[in-house]
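Report on the structure given below.
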Amino acid sequence: MTVDAKICGINDAVAMEAAVSGRARYVGLVFYPPSPRYVSPSAAAELVALASTSVTKVGLFVDANDQTINDILRQVPLDMLQCHGGESPARINEIRDRFGLPVMKAIGVAAEEDLVLAQEYEDCADWLLFDAKPPKSMPNALPGGNALVFDWKLMAGRKWSKPWMLSGGLEADNVAEAVNISGARVVDVSSGVESRPGIKSPERIALFLDAVRSL
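In our numbering, the protein residues as written are 391 to 605.
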């Protein structure tokens with residue numbers, strides 16, 4: 391069984407080099423200023439240059455307008471756009487048509503009904519990403535990267551018409567269990583490879599990617 395990994399929230403050269411050397415298939419750069427993982431377009435352009443062409447560069451946006459996305463794409467050669475806010479299916483279609491890149495829609499999951507919502511995006515998004523939905527007790531939580539886990543059994547046995555990634559509280563010690571229960575073939579990690587919020591640990595990146603390669 392082959393499982394691929396995405397290291398999200400990369401914002402320095404050390405983290406990018408660790409992801410690339412550990413054979414991450416995807417790397418994510420966060421263009422959401424409130425996030426501690428935010429990276430400026432100029433810095434992102436330098437980081438992307440460190441990755442090989444075999445690595446898919448994903449830009450994470452949260453309810454961004456066309457001008458914001460366009461300004462970043464003029465500076466950063468991204469391969470995929472990740473929408474991690476409240477973008478509607480119609481908005482996902484607009485982004486795909488406007489920028490001509492694959493779009494991945496993040497879906498917050500806490501219960502079965504959240505997966506019903508996900509079905510509305512199968513006809514417009516190229517990828518789906520299932521992340522843990524922050525509880526109402528965390529009103530100031532970020533859209534993602536909160537080190538929260540959802541019930542992986544909700545994903546077990548489900549068939550989707552689009553490829554998908556599993557995210558939410560993953561780390562080297564639980565990724566095998568997450569894959570075995572959910573059936574995921576691509577896993578996404580951010581906080582699980584950090585020494586503190588926004589600071590990636592090359593050692594933890596290596597451990598996570600080693601764990602994924604062993605699956």
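The beta carbon of each residue, even a glycine, is placed where N, CA and C say it ideally should be. Computed from a prediction, not measured in an experiment: that's the story for all the values here.
Annotated as distal: arginine 415 and aspartate 402, with beta-carbon spacing of 9 Å or more. With fewer than 16 other Cβ atoms from the protein chains shown falling within 10 Å of its own Cβ, leucine 507 counts as exposed. The distance from the Cβ of leucine 505 to that of leucine 544 is about 6 Å, consistent with a contact at the 8 Å cut-off.
The C-alpha of glutamate 512 lies about 28 Å from the C-alpha of proline 424.
With at least 16 other beta carbons inside 10 angstroms of its own, alanine 601 counts as buried. Proximity of the stretch 427-437 to the stretch 397-413 meets the contact definition, three or more beta-carbon pairs being nearer than 8 Å. According to the DSSP assignment, valine 438 belongs to the alpha helix (DSSP H) that extends over 431-438. Counting C-beta atoms within 10 angstroms of its own C-beta, aspartate 578 has 16 or more neighbours from the protein chains shown and is therefore classed as buried. In terms of Cα proximity to alanine 408, the closest of Leu440, Arg464, Ile595 is Ile595. Runs of the alpha helix (DSSP H) lying entirely within the stretch 466-511 and spanning at least 4 residues, in chain order: 479-489, 502-509. DSSP places lysine 447 in the strand class (E or B) of the three-state scheme.
Rounded to whole angstroms, arginine 488 and glycine 547 show a C-alpha spacing of 34 Å.
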